[in-house]
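Only one structure is covered here, and it is reproduced in the block below.
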């Protein structure tokens, strides 16, 4: 027979209450785990269905503008060199003649070019090399029109920036009237352009 002091005030023993509390905690943990698991499965299922639908749609049709445009960096057929006022050129001297880059910079500025700070280089490979970035071919052709025998060379430059490298054998700029006539001629596309 049990003593009335061992009994719970509501008629249950303390041990029964503890067991019930533990059972409720376990049940709560199981329900939370199930909720998280099923939520993740639903998200995964919705994502898979969305991906499958996108794959079934296939690639989008190219637009008219995309099919008629020249490859990146290629000038349009019949394009002329850029106007001098639209070209930023930096002249670098690779010869032993002091001040040559500054002199050529002044001459190009007099012809309407926007000029950068003249400097020196050890990268000059010939009398005149015009370096340009991925968007600077027409700007480079404009500078090359000022120099007989200039070689165009793609380089790691940004935008339409252009560099004129002066090397041994430099003969100077073309006469202004010959350069102006060359600026009116269509450019020859670089290799890889149709």
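Numbering (full-length UniProt numbering), first residue to last: 1 to 194. Beta carbons are placed, not taken as given, at the ideal position from N, Cα and C, and that holds for glycine.
Residue 96 versus 183, 166, 193, 152, residue with shortest Cα-Cα distance: 166
Length-filtered (4 minimum) alpha helix (DSSP H) runs lying within the stretch 117 to 193: 137 to 144, 176 to 183
Secondary structure of residue 87, DSSP reduced to three states: coil
Identified DSSP bridge partners for residue 92: 119, 165
Backbone CA spacing between residue 90 and residue 140 [nearest angstrom]: 11 angstroms
Neighbour-count burial assignment, residue 47, 16 or more Cβ in a 10 Å radius: exposed
Rounded straight-line distance, which links the Cα of residue 134 to that of residue 118: 22 angstroms
For residue 38 and residue 18, the rounded distance between their alpha carbons: 30 angstroms
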